[in-house]
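Notes follow the structure.
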Amino acid sequence: MKKIFWLLDVNYEVANGRPELWMWGVDETAKRILIIDKQFQTYFYIVPKEQTNPSTIIERIRQHKHEYPTITKMEILDKKYFGKPVKAIKVYCQNPEDVTNFAKNIQKTNDVEHCLETDIRYSIRYLIDNGVVPCGWHEIEVEEAKTPIKAQINKVYEAKSYPRYISETKVPPLRILGFSIICYSEKGTAKPDKNPVVIISVATNNGETRQFTAEESDDKTIIESFVAYVKEFNPDVIVGYGSNSHDWQYLAARAKKHCVKFFVDRTETEPHPSVYGHVSVTGRANVDLFDYADEFPEVKLKTLENLADYLGVMKIKDRTLIEETDVADYWQNKQKRPLLLKYSQENTVCILGIAKAILDFAIQLSSLVGLPLDHVGTAAVGFRVERYLIREAFKKDELIPQRQERPYIPYAGAVVLAPKPGMHENIAVLDFKAMYPSLMIAYNISPDTYVSPEEPISPNNVNTAPEVNHRFRKEPPGFYKEILSNLIQTRDEIRRQLGKLDPKSPEYRALDARQKAVKVITNALYGYAGWIGARWYIKPVAEAATAWGRETIQKTIALAQKTGLTIIYSDTDSVFVKNEPEKIDKFAKEINELLGLEIKPDKTYTRILFTEAKKRYCGLLPNGELDMVGLEVVRGDWANVAKDLQEKILEVLLKEKSSQKAVKLTREHIQNMRERKVPYKDFVIWKTLTKPLEEYKVKAPHVEAARLLEKEGLTLSFGDKIGYVITTGEGKLYTRAKPYMLASHDDLDIEYYITNQAVPAASRILAMFGVKEEELYPPKQQPKTSLTEFFKKD
DNA sequence: GCATGAAAAATACCC
DNA sequence: ACGGGTATTTTTCATGCG
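In numbering that gives the first Met the number 0, the protein residues as written are 0 to 793.
Below, the structure written as structure tokens:
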């Protein structure tokens, strides 16, 4: 019989020594189904040396059959490798586990150039070769499974054909379960070997919320209740926040301790760690929303409450918030415990709300690049791009290069002009639309069109990059050119369709998410090309893109000047000019004709302020908003006492042009700090741990603060943000840095915050108006206690 | 031994 | 574990002085 289904999850099983591919899906009538395919055999390729006849290699392998018992078939195929036609031997292997060893062995012979695609895992191979798309619809011939499978599903089938992809963007109704946990520890980070889970809060997209609490018993019961609840609701998608790195391991460890079977999947197996640091829950998509927090760079401190606030799910001011260090107190104190319960419930409500905001995008990204929904979030951008490329390569008969380690060698990037410092009125910003993708298309920059220096070729047949002189064949269209043209065209088409839809409809949401996914991949390809971890890495490809980029912007600057436009600033693909619409119009047209690239006015500033620094400015937009770029105010590693002040100063300067008022504000602010009228939290500085503590070569304040936290029993890992304050005392700054929860307002070295935070942030701006640093301090007690006392001692 | 300035380390931004 | 270019702060190193 024929079955149409939407693919939710895949897993690979071995039954009686034979591989099977399990596809978990939802059919058209919203039935949950499992389709098992036993037909597929994996393989790898041998590329013989140029002068070698492939048959001799096949013959030799046949003669040594005992060494390769599970090779079932070999065939010679015409393939391409970096665009060059090659004969390749496709070697089918009964047992996927044998591929690596067989290939390693075969590789040793000196008539073999490469063994390729040996590192493409079975389930990926299946998806790629059959054009099967996670979060996509397919049609397949099936029959009901003869042997019963214990699975929490409506029906199990055995595949009788391979699935055939159906192009359709709609998403079936999915059951979504959100969860969060609270662990109890009197001191320090809770450890699953000794500290229990005290609350598990769940919420579903049916609008149901539930809590399991260990108020009367230990956590055995609540874990059992949670498992039972998951089973009963039978979600397709489970969402959490930090669940991959924490919650699943914690719950699994607690369950194990209590001998509870932690079956939250669809086949009675436990959640297990998988590729890209993701936790796999068989038959469902386990999605950790924290993995999507990077999509929102405006949110500096990626806590659940901050992300929920930013996405409009639940405003911080309406939230019950409890610090990790206070959890024990709230749990023990019967009066305060309801607040902890409320906090936990709100966490899960936020998780579900964020899921609603993010899942459309995650689903579209998954189906676009071909990584399963539970993998696509945890996979780094490079791997998302790469999976897309791998699928495209298969369609084009291009062999996939093996992953390999390479040394890092830097190359030159973009041009940044020094800005004209000061305030400018009425400025237009023009920028190139998708500059690097456009250049890669225009000059056919691609791994398979690259011509190495020693290769002879007529200059007429290649595009030669300026400065670096890398050459690329003009014809045929390269791998990257075709991919980028396709992506750009696809996005244009989607956007046309969007125009015809109601923005509130599910179709619109899905398509809008799709065009965003397409954009993300388009813009990431240049970065991928320059990544040494990339399978298709060829340094000249990335180097040529930036070289043509530099040439493009330099020509643009020259023409702008020739047109009589005054250039204020330029960075990579943009020019900031005096807003003279007629000249700009003429200039843009000329650029488009001259370079074949599209440059367009992006925005205008009523007024803009530059200091002498590049990449830092503040513009006043026509709608009255401030566009603050690069300055302290948009950085996550400055205390609010500096950022808030700087923002106020910018506001006064750009809207009222009053430096006097700005100076006054600064003095008042300093006064308030000294009089302890500024809240403690505004003094906290957040910095990321970018490596394990032991690896730091210098004693930095945030690292020393982190060490103090570890002493308190907290477990820290790289990527964590450390919030610290600077306290009074002697010696180097790092000796006075304390985690903010271990200090109080009275400990603060207010003068440090004035001299090293508020004043520099203010002065950076006000120096442009001739204001000296000394003028920023409140006049009367200017040298005040600290300094006078200092001199007395001397 | 110590003041001083340059260099290195570290982070987070821009496009 | 996608790129290079840039600003900034704090620590650490090197140097010259006495």
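Backbone N, C-alpha and C fix where the C-beta goes; we use that ideal spot for every residue, glycine too.
- GLY712 and ASN755 have their alpha carbons spaced roughly 31 angstroms apart.
- Excluding sequence positions up to five before and after VAL683, its CB lies within less than 8 angstroms of the CB of ALA638, ASN639, GLY722, TYR723, VAL724 and TYR739, all in the same chain and listed in chain order.
- In this structure, VAL274 sits away from LEU176, with a CB-CB distance that is not shorter than 9 angstroms.
- When C-alpha distances from ARG17 are compared across GLU304, TRP535, ARG31 and GLN38, the shortest belongs to GLN38.
- Looking from the CA of MET313, the closest CA among PRO455, MET422, VAL98 and ALA356 belongs to ALA356.
- A distance below 9 angstroms separates the beta carbons of VAL467 and PRO539.
- Fully enclosed beta strand (DSSP E) runs of no fewer than 3 residues occupy 684 to 687, 720 to 725 and 736 to 738 of the segment 663 to 750, in order along the chain.
- Burial of VAL196 is indicated by the presence of at least 16 other C-beta atoms within 10 angstroms of its C-beta.
- Non-local C-beta neighbours of PRO436 in its own chain, meaning closer than 6 angstroms and more than five positions away in sequence, comprise LEU483 and THR521, ordered along the chain.
- Per DSSP, the continuous beta strand (DSSP E) segment holding VAL13 begins and ends at 1 to 14.
- Contact between the segment 471 to 488 and the segment 443 to 451 is present, with at least three C-beta pairs closer than 8 angstroms.
- It is roughly 32 angstroms from the alpha-carbon of THR268 to the alpha-carbon of GLU167.
- Setting aside the 5 residues that flank it on each side, ASP681 is surrounded in the same chain by ASN639 and VAL640, each with a C-beta closer than 6 angstroms to its C-beta; the list follows chain order.
- Contact between LYS602 and VAL428 is confirmed by a C-beta separation of about 5 angstroms, below the 8 angstroms threshold.
- By the beta-carbon neighbour count (other beta carbons within 10 angstroms, threshold 16), THR665 is buried.
- Under the three-state reduction of DSSP output, MET627 falls in the strand class.
- Taken through DSSP and simplified to helix, strand or coil, GLY276 comes out as helix.
- For SER160, the secondary structure class from DSSP, reduced to helix, strand or coil, is coil.
- If you ignore the 5 residues before and after PRO191, its C-beta comes within less than 6 angstroms of the C-beta of TYR249, ALA252 and ARG253, all in its own chain and listed in chain order.
- Its Cα nearest to that of LEU6, the residue ASP26 stands out among ASP26, GLU453 and TYR527.
- With distances taken between CA atoms, TRP21 lies nearest to VAL141 out of GLU49, VAL141 and ASP118.
- Around the beta-carbon of ASP36, 16 or more other beta-carbon atoms lie within 10 Å, marking it buried.
- Nearest to PRO84 by C-alpha distance, out of TYR183, GLU49 and HIS245, is GLU49.
- The beta carbon of ILE127 sits closer than 6 angstroms to the beta carbons of ARG390 and PHE393 from its chain, once the five residues preceding and following it are set aside; these are given in chain order.
- Taking a contact to require three or more Cβ pairs closer than 8 angstroms, the segment 176 to 189 and the segment 364 to 381 do not qualify as touching.
- Judged by beta-carbon spacing, LYS78 lies beyond the 9 angstroms limit of TYR125, meaning their Cβ atoms are not closer than that value.
- Secondary-structure assignment with DSSP links ASN462 through a beta bridge to PHE471.
- Setting aside the 5 residues that flank it on each side, ASP217 is surrounded in the same chain by PRO195 and HIS257, each with a C-beta closer than 8 angstroms to its C-beta; the list follows chain order.
- For LEU372, no pairing in a beta bridge is given by DSSP.
- Under DSSP, the beta-bridge partners assigned to PRO18 are VAL13.
- Boundaries of the beta strand (DSSP E) around ILE35: 31 to 36.
- Taking the C-beta atoms as reference points, LEU558 is found no nearer than 9 angstroms to ILE531.
- Beta-carbon to beta-carbon, GLU297 and TYR309 are separated by about 7 angstroms, close enough to satisfy the 8 angstroms threshold.
- Under the three-state reduction of DSSP, GLY130 is assigned to coil, being neither helix nor strand.
- The straight-line gap separating the alpha-carbon atoms of PRO621 and GLN560 is approximately 25 angstroms.
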